[in-house]
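Counting in my numbering, the sequence shown runs from 8 upward without gaps.
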Amino acid sequence: MLTFLATTLSLIGVFLLQDNGLLTRHKTKQVVASVILIFSAILFGSEYGVLRGIFIFIGIISLLGTLFTLLRYKLDKA
Numbered sequence: 008m009l010t011f012l013a014t015t016l017s018l019i020g021v022f023l024l025q026d027n028g029l030l031t032r033h034k035t036k037q038v039v040a041s042v043i044l045i046f047s048a049i050l051f052g053s054e055y056g057v058l059r060g061i062f063i064f065i066g067i068i069s070l071l072g073t074l075f076t077l078l079r080y081k082l083d084k085a
């Protein structure tokens with residue numbers, strides 16, 4: 008259950024940081040996304056242990072960021 012919550016929070020954090028394929032310039036969005044991503048990393052760390060949880064967090068953020076950027080590019084191009 009914590010894994011699902013942490014993954015959902017990671018998705019929300021990545022969504023808030025993306026702004027047309029670039030990092031958003033809105034300071035409020037950056038702060039909120041940072042807090043959400045930190046909370047997500049804490050949840051992954053408590054679920055899998057600190058070291059393994061951080062590596063899982065980094066992998067999920069990389070995957071979600073890449074997929075979201077490619078999806079936005081494909082939707083904007085169409």
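Just so you know, even glycine gets a beta-carbon here, dropped at the ideal spot from N, CA and C.
What are the boundary residues of the alpha helix (DSSP H) that includes residue i?
i	result
G94	This structure gives no information on residue 94, because the portion of the chain shown stretches from 8 to 85.
Opposite residue i in the DSSP bridges: which residues?
i	result
L30	Q25
From this set, the options, which residue's C-alpha is nearest residue i's C-alpha?
i	options	result
L24	L44, I67, M8 and I63	L44
N14	F46, T76 and L30	According to the sequence displayed, residue 14 carries Thr and not Asn. With distances taken between Cα atoms, T14 lies closest to F46.
F62	A48, F75 and T73	A48
L17	F64, L74, T31 and M8	The sequence given here places Ser at residue 17; Leu does not occur at that position. The option with the nearest alpha carbon to S17 is F64.
L9	K34, G60, K36 and H33	G60
Exercise for the section: Answer yes if the segment 47-58 comes into contact with the segment 73-81, meaning at least three C-beta pairs across the two stretches below 8 Å, and no otherwise. Expected result: no
Exercise for the section: Determine, using beta-carbon pairs with one atom in the segment 54-74 and one in the segment 26-41, whether at least three such pairs fall under 8 Å. Expected result: no
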